[in-house]
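Here is the structure we will look at.
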Amino acid sequence: MATAVELTGLTFSWPGSSPTLDINHWQVAQGESVLLRGASGSGKSTLLSLLAGINTPQKGVIKLFETDLSQLSARQRDKFRADHIGYIFQQFNLLPYLTAVENVLLGVKFSKHRQRKLSQSATNTATDYLLRLGLTAAQQQQPAAQLSVGQQQRVAAARALIGGPELLIADEPTSALDADRRDNFIKLLLELSAANNTTVLFVTHDVALAPYFNTHVELTEISRAMPDAELNNA
Amino acid sequence: MLKLALKSLNNRRVSVLLTVIAIAVSVALLLAVERVKQQVQQNFANTVSGTDLIIGPRSSQTQLLLASVFHIGSMTNTMSWDSYEQISSRSEIDWSVPISLGDSVQGLPVVATNEQYFQHYRYADKQSLELTHGNWFDASKQAVLGAEASEQLGLAIGDQLTIAHGSGGLSFSEHEQHPINVVGVLARTGTPVDQAVFVDLTTIDQVHGLTEDDSHGHDHAHNHPTESISAALLGLKVKPLALRLQREINTYEQEPLTALMPGLTLQQLWKTLNIFEQALNGISVLVVLIGLIGMLTILLASLRERRREMAVLRAVGAGPGTIFGLLVTEALVVTIVATSTGLTLLYGLQWALMDVIHSRSGILFSLYPPTVAEWWRMGLVVCAGFLLSLVPAWRAYRQSLSDGLTVKV
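If you read the sequences in order, they're chains A and B.
Those letters in the first sequence? Residues 0 to 233, by numbering that gives the first Met the number 0.
Those letters in the second sequence? Residues 0 to 408, by numbering that gives the first Met the number 0.
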């Protein structure tokens, strides 16, 4: 099976501190759903910003779908992210002044590549996704600021998945949800991802979610670094 | 991008609206200074458009010009009728109009002159005066009213008026025993002519009690209608002679006189007033700057709250350049909307105040499309808005680079 993510000999440190990440080798196969667990401050967010192409490692290679991110310029990495990666934050995912549908459409706004992959018009796809995620037509037209946290996260999921990106990165998207909604959210997220053959990298500190995923990885298993932050946050 | 900027601005519409208003008012002020200057200069130039030389008693050129044609200020001296006759009979002179000033009707200036005024006075594009009602006076104790004077005094043909000595609104020496008949009303000219009351030269002397006897009038060619006048307007047969004639009159031996070329004297007047214009311009530029800095402030202040927004945009693939562009677009939208609002405001004010200004000052503020100078000013405002927007845009750029996707709110 082709690899979606492959990290080799990677080290990263923020200016003036000891390495936050030190990953010898780690890979994720295409279409897999991975739960990556780590305590807060263990370098999860740093790893995600490297994968998203926001930051670049001091050493090592990050390959996403056989593309070496370190060979790309900052602008090219932005474009790569727009074309191939869907991203969900812990919370505050949406632009509060746009409606739910408009927020979903942002997902394809910066990517011709993802626009082309749509089988119908972008707006139709967006409403379709939102319906499947349980937002009524009226809710879809509401400004995002008026939606509940749970609804906002579902809108964020629709935005991350519209246009079928190859990789979905979810950074603790369920931490603000209660247990029922959390389970429901993860099921829907994985369903939609599977339909698009999207590789899922789900980051959390909550080990109870592991049964939903093919693979469960501890960040401490793949990264040797012991960041200072962990001590600070402990 | 524009759509996103508009929606984002709409989300902060109260502070944005206030900023737009502040900039709009300042732009209107900036344009008004330019426009008032243009219109006043145009108006003054229109008023003297047909006159080649103005002569009068020795005084400053500006004083003579302002008093004789614009009825601003007063003449302290007079020139003798003899000198006037000698000069006006010279061969270079095409026509001449004697003018005697110093009286008023309820604050409106009385211009004592003769029929030459009606025949030869020209305004704007060399237009001659026209009467809407009645005739030009042909005897003493008759008056012709300017359009505005007729309206303000509420007088029409057949009505009577009395002349007060001095130019103030209230005078203790009203010449009530000398009622004067209104015989004509002039068409509107948009010059100080509109405010004036015109009477024959002899009328003034009569109301002053200088020539009690009315019976031997001025119909004798050699008879003096009056002993002295305030000024005279001259038209020349050959315009280039004006300079030479001016020099000769300024060195006139019988009597100290002043001669001026109205166009040139106006130029000098504008030059002296230039400093005030510059000061007004400077102030309005500062006001615009304050408005724009207000915009800068709300953009900068919003950046902190909008870090999330920037991170979301980065997550969906927007580069820091896009964030930069978004901020610049927002500022440009605000500046352009504000500038066009300011222009609309200017036209609205001009339209609303046109009548008031005309009746108070005689200056007709005509509505015309923005001039090149005004487009320049508006263009510079937009440019300044753009340049200032680079500050928040740059900060947003740096911020989105350092924040990336991980904002701790």
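Heads up, the beta-carbon is just placed ideally off N, CA and C, and yes, glycines get one too.
Computed from a predicted structure; not experimentally measured.
- Pairing Leu-20(A) with Thr-7(A) gives a Cβ-Cβ distance that is not under 8 Å.
- For a Cβ distance threshold of 8 Å, residue set Tyr-96 of chain A lies close to Asn-9(B), ordered along the chain.
- Secondary structure in the region 0-86 of chain B: the beta strand (DSSP E) runs of 3 residues or longer, each lying completely within the stretch, are 52-56 in chain order.
- At a cut-off of 8 Å between C-beta atoms, Asn-123(A) does not count as an interface residue with respect to chain B.
- Spanning the alpha carbons of Leu-52(B) and Asp-354(B) requires a straight line of approximately 31 Å.
- Under the 8 Å criterion on CB atoms, Ile-53(A) is classed as interfacial with respect to chain B.
- Under the DSSP assignment, Leu-404(B) falls outside any alpha helix (DSSP H); it carries neither an H nor an E label.
- Residues of chain B whose Cβ lies closer than 7 Å to the Cβ of Ala-175(A) do not exist, since the nearest Cβ in that chain is about 12 Å away.
- If you draw a straight line from the Cα of Gln-119(A) to the Cα of Arg-113(A), it comes to about 12 Å.
- The residue from Gly-15(A), Phe-64(A), Val-103(A) with its alpha-carbon nearest to that of Gln-138(A) is Val-103(A).
- When the Cα atoms are used, Val-26(B) and Glu-373(B) turn out to be separated by approximately 10 Å.
- Apart from sequence neighbours up to five positions away, the residues of its chain that approach Ile-297(B) with a beta-carbon distance below 8 Å are Arg-11, Ser-14, Val-15, Thr-18, ordered along the chain.
- A Cβ-Cβ distance of about 24 Å is found for the pair Thr-126(A) and Glu-165(A), leaving them out of contact under the 8 Å criterion.
- By the criterion of at least three beta-carbon pairs nearer than 8 Å, the region 61-81 of chain A is not in contact with the region 214-222 of chain A.
- Neighbourhood of Arg-74(A) in chain B, by CB distance below 8 Å: Gly-318, Gly-320, in chain order.
- In this structure the region 26-46 of chain B lies against the region 185-202 of chain B, because at least three pairs of beta carbons, one per stretch, are closer than 8 Å.
- About 4 Å separates the beta carbons of Ala-258(B) and Gln-245(B), which is inside the 8 Å limit, making them a contact pair.
- Listed along chain B are Val-315, Gly-316, each with a C-beta nearer than 7 Å to that of Ala-81(A).
- Closest in alpha carbon position to Ser-58(B), among Met-74(B), His-70(B), Gly-49(B), is Met-74(B).
- The beta carbon of Ser-110(A) falls within 8 Å of a beta carbon belonging to chain B, placing the residue at that interface.
- With respect to chain A, the C-beta atom of Leu-348(B) has no partner C-beta closer than 8 Å.
- Bounds of the beta strand (DSSP E) holding Tyr-86(A) are 84-87.
- The closest CA to that of Pro-239(B), considering only His-223(B), Ala-163(B), Gln-253(B), Met-260(B), is found on Met-260(B).
- Per the Cβ contact rule, the region 132-150 of chain B is in contact with the region 191-200 of chain B (3 or more Cβ pairs under 8 Å).
- For Leu-232(B), the three-state secondary structure derived from DSSP is strand.
- Ile-168(A) is the residue among Ile-168(A), Thr-214(A), Pro-210(A) whose C-alpha sits nearest the C-alpha of Val-202(A).
- Looking at the DSSP output, Phe-11(A) shares a beta bridge with Leu-20(A).
- Of all residues in the region 389-405 of chain B, only Gly-403, Leu-404, Thr-405 place a beta-carbon less than 7 Å from a beta-carbon of chain A.
- Residue environment for His-70(B): buried (at least 16 other C-beta atoms within 10 angstroms of its C-beta).
- Counting every other CB atom within 10 Å of its CB across the protein chains shown gives Asp-81(B) a total below 16, marking it as exposed.
- By the rule that beta-carbons nearer than 8 Å mark a contact, Ser-39(A) does not touch chain B.
- Gly-59(A) and Leu-35(A) have their C-alpha atoms spaced approximately 20 Å apart.
- For His-204(A), there is no enclosing alpha helix (DSSP H), as DSSP marks it with neither H nor E.
- With respect to chain A, the C-beta atom of Val-311(B) has a partner C-beta closer than 8 Å.
- Taking 8 Å as the cut-off, the Cβ atoms of Ile-22(B) and Leu-291(B) count as close.
- Think of a sphere of 9 Å around the beta carbon of Lys-6(B): the chain A residues whose beta carbon falls inside it are Leu-94, Tyr-96, Leu-97, Glu-101, in chain order.
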